[in-house]
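Chemist: Per the UniProt record's numbering, the very first residue in the sequence shown carries number 1; after that it's consecutive.
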Amino acid sequence: LSDDGETLITGTHSGVVNVWSIQTSSCVATFHHHEALVSAVECLRSGGGFLSASFDGTILMWSFTTGQLLEVLSGHSAIISSLDFCMTTTMVSGSWDGTVRLWDMSHREFACEVIPHSRDVIAVAIRRDDKQLAVSTSGQKIAFWKME
1 LSDDGETLIT GTHSGVVNVW SIQTSSCVAT FHHHEALVSA VECLRSGGGF
51 LSASFDGTIL MWSFTTGQLL EVLSGHSAII SSLDFCMTTT MVSGSWDGTV
101 RLWDMSHREF ACEVIPHSRD VIAVAIRRDD KQLAVSTSGQ KIAFWKME
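(1) Looking at C-beta atoms only, is the number of pairs between the stretch 119-129 and the stretch 58-75 that lie closer than 8 Å three or more?
(2) In whole angstroms, what is the alpha-carbon distance linking Leu-8 and Gly-57?
(3) Please report the distance separating the alpha-carbon of Val-19 from that of Ile-122.
(4) Using only the alpha-carbon positions, how far apart do Leu-1 and Cys-43 sit?
(5) So Trp-62 packs on Gly-49, CB below 8 Å; how close in whole Å?
(6) Is it buried or exposed, Cys-86, if we count other Cβ atoms within 10 angstroms and call 16 or more buried?
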C-alpha cells in the first residue's frame, strides 16, 4: 500500500506485478518482467515508484508515472523473501541464500551485507524509528541487529 493510501501493489505466482487504484478498485497497470513468483513488493518512500522482489533472485525498481523499469538490483543468489524500508533511503532485503542486504536507494546500489545467517532468511523488518532490524530465519529464530 502506498504511503498516501491510494495505490495497492500486488504480485502473482506467475511473476506479474499489478498496480491497483484503491479509489476505483481497478487494476491500472500490469508489469511483466519477473521470471518467477513475486515474493515481496514495497512502495518507495519518495512516492515515485515501487520495488518488486521475486523467486528469480532479483529486485526490480519501477516508476509509477512512466511504468518503466528503472533498475535491477542483483546480488542475492537465491529467492528473495522479504523487503522493508527505513524512514530514510535505505532498503533491506532478505533471501533464502541466508543473507540480508542493505541498499542505498538514493543511488540505487548495494550498501552492505549484514552478517550471513546459516538458514534461509524468511522475513526482515525495520523498527519504525530505524534503530533496529529484525531477521527471521527458517530455523525458527529471530535475530535483532542495531541499525547505525
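Just so it is clear, CB atoms sit at the ideal spot from N, CA and C, and this is done for glycine as well.
Modeler: Judging by the given coordinates:
(1) no
(2) 23 Å
(3) 25 Å
(4) 7 Å
(5) 5 Å
(6) buried
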